[in-house]
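> In UniProt numbering, the protein residues as written are 1 to 228. Note that the Cβ used here is the ideal one computed from N, Cα and C, for glycine as well. I'd like to ask you about the structure that follows.
Structure below.
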């Protein structure tokens, strides 16, 4: 633990779960790095990821974006390729980009693919899967509506996926965002998680909520304001 981290940690009472607005304020105050730190939301859910119907995964467009411009690669052909280029895809094509990725190229953040391209894109599963880059219908990245997919990603769409311990981690903005924007982004993610609660999940659903900056300590958030 560095000196700055220890000083920042003194601002936070680890035994307290703060109201969201106060938690955001404390998180920003404890973000002391010289760069514009990312603010991340962590939620522990009362689900069993080993059960197929409780493997929560999806995507949500943050009302104020993430503060980062995403580079989008689209796998498409014909008219859909032209549509992707017109919609602002950073890269668009088919076999040439599959070859580039196989050769170690990863100068992009998100991949969108039309369903007819997934047979070819599937060949990259071993490379893309571990990096979390494989397109998926659940997150809206396998679709013929490439214009909407690109627009949503550029507007600040983030993906969420429960890990084997029942946790979800989502970037919700930057330290430079004003508090209101961060609160609204966080509320949007949590409301989305509540909507996708599996019918088979028992007991408390929102077990723990916390936010933290890239280099700062975690701040617990009270779940009292959210449906459990």
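Starting from the N-terminal side, write out each stretch of the alpha helix (DSSP H) that is 4 residues or longer and does not extend beyond the segment 60–131.
79–86, 95–102, 118–121, 125–128
> Is it buried or exposed, residue 43, if we count other Cβ atoms within 10 angstroms and call 16 or more buried?
For the purposes of this step, residue 43 is identified with residue 43 of the chain shown, where counting begins at 1. So residue 43 ends up on the buried side.
> Residue 193 by DSSP, collapsed to three states: which one?
Indexing the chain shown from 1 puts residue 193 at position 193. Helix at residue 193.
> Is residue 55 closer than 8 angstroms to residue 154 when the C-beta atoms are compared?
As a first step, residue 154 is located in the chain shown; it is residue number 154 there, counting from the start. As a first step, residue 55 is located in the chain shown; it is residue number 55 there, counting from the start. No, they are not a contact pair.
> Distance check for residue 201 and residue 150, CA to CA, integer angstroms please.
Here residue 150 refers to the residue found at position 150 when the chain shown is read from its first residue. Here residue 201 refers to the residue found at position 201 when the chain shown is read from its first residue. If you take the alpha carbons of residue 150 and residue 201, they lie about 33 angstroms apart.
> Would you check if there are 3 or more beta carbon pairs closer than 8 angstroms linking the segment 162–172 to the segment 28–35?
no
> Counting C-beta neighbours from all protein chains within 10 Å, is the total for residue 213 16 or more, i.e. buried, or is it exposed?
As a working mapping, residue 213 is identified with position 213 in the chain shown. Buried.
> Three or more C-beta pairs under 8 angstroms: does that hold for the segment 177–184 against the segment 68–88?
no
> Report the CB separation of residue 47 from residue 198 in whole angstroms; it is logged as a contact under 8 angstroms.
Residue numbering aside, residue 47 sits at position 47 when the chain shown is read from its first letter. Residue numbering aside, residue 198 sits at position 198 when the chain shown is read from its first letter. Right, their Cβ atoms sit about 6 angstroms apart.
> If we cut at 8 angstroms on Cβ distances, does residue 54 have a partner in chain B?
In the structure shown, chain B cannot be found, because there is only a single protein chain.
> Can you confirm whether the segment 11–28 touches the segment 120–128 when touching is taken to mean that 3 or more C-beta pairs between the two stretches lie within less than 8 angstroms?
Output reads no: the segment 11–28 does not touch the segment 120–128.
> Rounded to whole angstroms, what is the Cα-Cα separation between residue 174 and residue 24?
Taking the first residue of the chain shown as position 1, residue 174 is located at position 174. Taking the first residue of the chain shown as position 1, residue 24 is located at position 24. Straight-line Cα distance between these residues: approximately 11 angstroms.
> With the cut-off set at 8 angstroms, would you say residue 135 and residue 112 are in Cβ contact?
Residue mapping note: residue 135 aligns to position 135 of the chain shown, counting from 1. Residue mapping note: residue 112 aligns to position 112 of the chain shown, counting from 1. Taking C-beta atoms as the reference points, residue 135 and residue 112 count as a pair closer than 8 angstroms.
> Thinking just about the alpha-carbon of each residue, which of 188, 148, 215 is nearest to the one in residue 60?
Mapped onto the chain shown, residue 60 falls at position 60. Out of 188, 148, 215, 188 has the C-alpha closest to the C-alpha of residue 60.
> At which residues does the alpha helix (DSSP H) containing residue 21 begin and terminate?
As a first step, residue 21 is located in the chain shown; it is residue number 21 there, counting from the start. Start and end: 20–29.
> Give the range of the beta strand (DSSP E) segment to which residue 43 is assigned.
By one-based count along the chain shown, residue 43 stands at place 43. Looking at the DSSP string, the run of the beta strand (DSSP E) that includes residue 43 is 38–45.
> Using only the alpha-carbon positions, how far apart do residue 125 and residue 102 sit?
Walking along the chain shown from the start, residue 125 turns up at place 125. Walking along the chain shown from the start, residue 102 turns up at place 102. Distance between the alpha carbons of residue 125 and residue 102 is about 11 angstroms.
> Considering only residues of the segment 133–183, which uninterrupted beta strand (DSSP E) runs meet the minimum length of 3 residues and lie entirely inside it, listed in chain order?
If we require 3 residues or more, the beta strand (DSSP E) runs fully inside the segment 133–183 come out as 157–161, 167–174.
> So residue 207 is in the beta strand (DSSP E); what residue range does that whole segment cover?
For this step, residue 207 is matched to residue 207 along the chain shown. It spans 206–213 - the beta strand (DSSP E) in which residue 207 sits, taken as one unbroken run.
> Could you check the C-alpha separation between residue 130 and residue 108 for me, to the nearest Å?
For the purposes of this step, residue 130 is identified with residue 130 of the chain shown, where counting begins at 1. For the purposes of this step, residue 108 is identified with residue 108 of the chain shown, where counting begins at 1. Cα to Cα, residue 130 sits roughly 15 angstroms from residue 108.
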